[in-house]
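These notes concern the structure reproduced below.
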Ligand SMILES: Cc1ncc(COP(=O)(O)O)c(C=O)c1O
């Protein structure tokens with residue numbers, strides 16, 4: 583066996599699997615940039631610059647049951663979520679980040695060769711998990727303003743289509759898909775995953791349609807509005823039968839004990855967290871105006887906690903690197919439909935000020 587080489591034994595279709603270009607942690611910059619770790623401004627992963635509720639850190643400091651497995655049926659958690667979203671807990675399943683639910687949904691629906699419709703450009707994990715399952719991504723391009731082309735989605739459906747993935751607001755474009763368009767897509771009868779990771783920044787949701795549409799699944803997360811990205815906790819709303827399947831196929835203890843404590847405390851501190859969300863939204867609009875004033879950048883209006891910008895002069899890669907050298911992390915894209923683009927997460931006011939100042943300096947240095 584060993585003589586043959588262990589690599590020969592892995593699934594052939596995964597041999598060329600590229601993985602996910604994850605965000606950088608500031609520690610990885612040690613020795614590469616001349617800025618102390620604590621001064622790095624991290625605007626590359628749509629994290630919450632205000633962190634979590636102080637109630638979470640206090641409760642975790644006092645938590646003692648770390649030796650006990652968490653409840654696999656997530657009864658208390660699902661009950662708390664029911665109170666927050668107003669959807670019965672029989673529809674709800676939680677997971678280690680909403681990423682894990684994307685994975686579980688794909689595993690539940692896809693057989694090799696099945697098709698998943700993806701409205702591109704969009705969240706890279708949709709393709710990642712489709713590829714992992716041996717599914718086939720069918721890309722339907724958004725228009726120049728990154729609006730979903732509903733007619734093209736309808737046209738792309740074949741008898742192999744198992745899922746339509748729809749992030750709203752969409753990452754990385756920040757675009758909302760209007761309710762009417764989602765309804766048209768639901769009317770196709772194909773299972774539709776509406777990923778509302780940034781729901782709290784828009785408060786637009788199709789959650790009230792859960793139960794009315796047998797093909798609707800809605801995903802949410804605590805990573806963005808509640809600042810719990812590092813604890814990995816998300817949830818979804820599903821038709822009851824699908825929720826039952828997901829509860830059975832998930833890894834039993836996928837939401838860890840610390841995350842359970844954190845959700846409970848966050849949901850008791852919604853006003854505090856939503857005040858931070860409001861500040862982030864106000865900062866987003868302030869940053870948008872500053873970016874718009876730079877003639878070499880074209881920001882796109884966003885309904886989330888980040889702004890996508892086309893870099894009109896020079897390359898996005900070069901800009902990302904120059905910012906990194908100055909201790910500011912942003913995400914850059916250079917792929918079809920996202921040529922020379924950067925995505926900037928909204929930071930605290932003082933971080934956004936440093937970003938704008940640095941961009942103005944770079945604009946003069948690089949492009950004048
Ligand atoms: C559209 C979208 N869905 C899901 C996620 C994943 O969130 P989580 O941290 O809950 O896995 C993200 C994170 O960036 C996202 O942008």
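Residue numbers (our numbering): 583 to 950.
We put the beta carbon where it would ideally sit given N, CA and C, even for glycine.
Unbroken beta strand (DSSP E) run spanning residue 880, endpoints | Taken as a continuous stretch (DSSP letters only), the beta strand (DSSP E) holding residue 880 covers 879-881.
The region 662-674 in contact with the region 707-715 per 3-pair CB rule at 8 Å = No: fewer than three Cβ pairs fall under 8 Å.
Close-in-space but distant-in-sequence residues of the same chain around residue 916 (CB under 8 Å, 5 per side omitted) | Apart from the 5 residues on each side of it in sequence, residue 916 sits with its Cβ closer than 8 Å to the Cβ of 897, 898, 899, 922 and 923 in its chain, given in chain order.
Residues in its own chain within less than 7 Å of residue 907 by CB, not counting five upstream and five downstream?
-> Cβ-Cβ distances below 7 Å link residue 907 to 615 in the same chain, with the five nearest sequence neighbours on each side left out; the list follows chain order.
Residue 629 and residue 927 closer than 9 Å at C-beta = The criterion of a C-beta distance shorter than 9 Å is satisfied by residue 629 and residue 927.
Taking the alpha-carbon positions, what's the residue 948 to residue 941 distance?
-> Each residue's CA atom was taken as its position, placing residue 948 and residue 941 some 10 Å apart.
Starting from the N-terminal end, write out each residue whose C-beta falls within a distance shorter than 6 Å of any non-hydrogen atom of ligand 1.
-> Selection output, chain order preserved: 628, 679, 680, 681, 705, 749, 753, 777, 779, 803, 805, 811 and 816.
Straight-line CA distance for residue 955 to residue 912?
-> Nothing in the structure corresponds to residue 955, since the chain is present only between 583 and 950.
Taking the alpha-carbon positions, what's the residue 857 to residue 817 distance?
-> In this structure, the alpha-carbon of residue 857 lies about 22 Å from that of residue 817.
For residue 822, which residues of its own chain have a beta-carbon under 7 Å away from its beta-carbon, when the five flanking residues on both sides are left out?
-> Counting only Cβ-Cβ distances below 7 Å, and skipping sequence neighbours, we find 672 and 673.
Answer with buried or exposed for residue 741, where buried requires no fewer than 16 other C-beta atoms within 10 angstroms of its C-beta.
-> With fewer than 16 other Cβ atoms from the protein chains shown falling within 10 Å of its own Cβ, residue 741 counts as exposed.
Following the continuous beta strand (DSSP E) through residue 798, name the residue where it begins and the one where it ends.
-> Following the DSSP letters along the chain, one finds residue 798 inside the beta strand (DSSP E) bounded by residues 798-803.
According to DSSP, residues forming a beta bridge with residue 593 = Looking at the DSSP assignment, residue 593 forms no beta bridge with any residue, so it has no partner.
Beta strand (DSSP E) segment containing residue 819, residue limits = Where residue 819 is concerned, the enclosing beta strand (DSSP E) stretches over 816-819.
Find the nearest neighbour of residue 814 within the set 827, 831, 779 and 800, judged by alpha-carbon distance.
-> Looking from the CA of residue 814, the closest CA among 827, 831, 779 and 800 belongs to 779.
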